[in-house]
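Residue numbers (full-length UniProt numbering): 1 to 155. For every residue, glycine included, the Cβ atom is placed at its ideal position computed from N, Cα and C.
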């Protein structure tokens, strides 16, 4: 069965990425990391957060945006960008928010994603927050969306 995938655009914080890899391993989501990351992928903090689950994670690395986009188009996967700039909630049942062919992309902790990534997105969704708040922790955001994907598509 085809399931959505989770992608991280140039992640900055190894602890978040390790936690996301662990989450992916436990819930069965493929994780794609679009480089360059803001840390060495052998970083101790990455290993500490991901523990031995990193070895179990279905991890795919892409050297850069163009390589990822070539792969995504070849696989015929829709790009769903999670962004604070969107107006549609990721849990909006009427918006056809997710399909099994999606790659759900999260931006870097420090800067989100550049305009070219926004332009490439087929859909932009947000996690609703209290007015005046900037953003949630990346690992928390991925966990919330992964929970919704699991609810919709199963394990």
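Under 7 Å between C-beta atoms of residue i and residue j
i, j, result
"residue 125", "residue 90", "yes"
"residue 12", "residue 108", "yes"
"residue 106", "residue 8", "yes"
"residue 143", "residue 59", "no"
"residue 122", "residue 79", "yes"
"residue 104", "residue 6", "yes"
"residue 25", "residue 51", "no"
Whole-angstrom distance between residue j and residue i, CA atom to CA atom
i, j, result
"residue 62", "residue 84", "24 Å"
"residue 69", "residue 120", "9 Å"
"residue 97", "residue 145", "11 Å"
"residue 15", "residue 53", "13 Å"
"residue 29", "residue 100", "12 Å"
"residue 116", "residue 35", "15 Å"
"residue 154", "residue 110", "32 Å"
"residue 38", "residue 10", "7 Å"
"residue 33", "residue 47", "15 Å"
Residues that DSSP places opposite residue i in a beta bridge
i, result
"residue 79", "103"
"residue 89", "126"
Buried/exposed call for residue i, threshold 16 Cβ in 10 Å
i, result
"residue 4", "buried"
"residue 129", "exposed"
"residue 102", "buried"
"residue 64", "exposed"
"residue 87", "exposed"
"residue 141", "buried"
"residue 18", "buried"
"residue 131", "exposed"
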